[in-house]
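Asks: Here's a structure for you.
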């Protein structure tokens, strides 16, 4: 059974930092792009960042470029999201995602709450 388990969310003041982690298990994740999405209250889920299997390709939403950094440790099947200079508009539930680059298949974590106070 595939599981993606996020951790690291919480409450932080504007300008602060948080590091999210997502531990993946239940299968090998070769040919899977790992990433993060977020969903704020009343809004649709949106893409935040993603990283290829090799780590050589990184993708970011314009809203987080220069502030967030995604990385992965394939030996631990874990993907990280370092979030710096956080803003109140970053407040959302953050979801880990594993997306196959070969077939149409997505896996999702249960989400972790990030709240940024002004």
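In this note's numbering, the protein residues as written are 3 to 120.
Ideal Cβ placement from N, Cα and C applies to all residues, glycine included.
Report the option in 105, 13, 4, 31 whose CA atom is closest to the CA atom of residue 85.
Replies: With distances taken between Cα atoms, residue 85 lies closest to 13.
Asks: Tell me the DSSP secondary structure of residue 46 in three-state form.
Replies: Residue state, collapsed to three classes: coil.
Asks: Quick one: Cα of residue 53 to Cα of residue 74, how far?
Replies: Going from the Cα of residue 53 to the Cα of residue 74 covers about 7 Å.
Asks: Among 88, 107, 100, which has the Cα closest to the Cα of residue 117?
Replies: Checked all of 88, 107, 100; the closest Cα to residue 117 is 88.
Asks: Where does residue 92 fall in DSSP's three states?
Replies: Reduced to three states, the DSSP call for residue 92 is helix.
Asks: What do you get for residue 60, buried or exposed, if any count of 16 or more other CB atoms within 10 angstroms of its CB means buried?
Replies: It is exposed - the Cβ of residue 60 has fewer than 16 other Cβ atoms within 10 Å.
Asks: When the Cα atoms are used, what is the spatial distance from residue 56 to residue 23?
Replies: Answer to the nearest angstrom: the Cα atoms are 18 Å apart.
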